[in-house]
Amino acid sequence: MPLLYAGIDEAGYGPLLGPLCVGCAMFVLPEVREPALADVRPPCLWRALAPAVCRTTTDRRHRIAIEDSKKLKGAKDAVGHPLRHLERGVSAFASACPGAPSAWESDAALLAALGASPTPPPIGDAWHSETLPLPVGNDAPALRIAASMLRTTLTKCNTACLELRVRAIDAREFNAQAAQISNKATINFMAAMRHVERVRVAAVEHGIDAWIALDRQGGRTSYREPLQTSFPEARIRIIDESDALSRYRLEFPAIGGGATPAHGITISFELGGEGRNLPIALASMAAKFTRELHMRRMNAFFAHHVAELKPTAGYV
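Residue 27 in numbering that gives the first Met the number 0 sits at position 28 of the sequence shown; the count goes up by one each step and never skips.
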């Protein structure tokens, strides 16, 4: 049976300014073994997509670098734009999703495709009143070539990039949630679970199983209780809870007289998961690039009013 393989990761967990962004990358893989067993994991997408993707930014074949976003964002004084590798990867995979264009001419278009459009004024922040052009650090024709290379490789290995999305929680929404929850880690976890629910629904619609990989959330090793709170109808089985891995099988009953059939998903919280799961790495890139686009608007807005003001990344 085909498998829906997804990864979830965040960017902007600790800054003072800008949104908390939680990304999710979703793939449909061809026939794989039963994913519910502890010793079985999805195939390596870096290997499967090797004609188009790699882990390094210095690849001689000019493949698309997919890696933890922290390793791909360049320094401000480096050769080339610091966001060029993030932009190249996110743009290519977003373009590979069903119905997407081959390139993005504005941040508004890409943010809309990612589901991360900011709320405009008067309700939203003033710096979201205008859109900014894309690309940021690449040539548009080069991005189209990269996207075409990726789509060709995905087709050849019978793999689909079903969706690339980002949940962007701005300061207003974050503070409102924090006033009720008083725990920043819980806000992040709840955003991740919204992605999990979206993956679950997609798996049901496609009639296939789902495997969802996440990096460790707040350093904890036991997630059964918060998972049960998020999905009270699920029967949860612990597959593994160890220092490096926390894996669970969630079984959902049929509802609506069988209109929604019984189904299950596997959720795996992994220490350093972005190094073993391409979907997590891609999700981290999408989250980081989305946050950078939001901050780019903020910096442009204030620079327009105070020309000598230096750009900020939002961290202190």
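By construction, the Cβ of each residue, glycine as well, lies at the ideal position given by its N, Cα and C atoms.
Notebook entry, point to check: Does DSSP put Val21 in a helix, a strand or coil?
Noted result: strand
Checklist line | DSSP three-state assignment for Glu307, whether helix, strand or coil | finding: coil
Notebook entry, point to check: Is it buried or exposed for Gly13, if we count other Cβ within 10 angstroms and need 16 for buried?
Noted result: exposed
Notebook entry, point to check: From Ala125 to Thr228, what does the alpha carbon distance come to, in whole angstroms?
Noted result: 37 Å
Item checked: Helix, strand or coil at Ala37 [DSSP, three-state] -> Its pLDDT being 44, under 50, Ala37 is placed unreliably in this model, and the coordinates cannot settle the point.
Next item on the list: Would you please state the rounded distance, in angstroms, between the beta carbons of Leu149 and Leu133? I believe it to be under 8 Å.
Entry: Not really, about 17 Å apart at Cβ, beyond 8 Å.
Check: Is it true that the stretch 207–220 meets the stretch 275–286, where meeting means three or more beta-carbon pairs spaced less than 8 Å apart?
Finding: yes
Item checked: Unbroken beta strand (DSSP E) run spanning Arg275, endpoints -> Looking at the DSSP string, Arg275 is not in any beta strand (DSSP E), and its letter there is neither H nor E.
Checklist line | Distance CB(Arg248)-CB(Arg236) smaller than 7 Å | finding: yes
Check: Residues bridged to Tyr222 by DSSP?
Finding: DSSP lists no partner for Tyr222.
Notebook entry, point to check: Between which two residues does the beta strand (DSSP E) harbouring Phe230 extend?
Noted result: Run containing Phe230: none; DSSP gives neither H nor E here.
Next item on the list: Run through the stretch 155–194 for me and flag every whole alpha helix (DSSP H) of 4 or more residues, listed as ranges in chain order.
Entry: 170–180
Margin query: My output table needs one value for Trp103: the three-state DSSP class, helix, strand or coil.
Written below: coil
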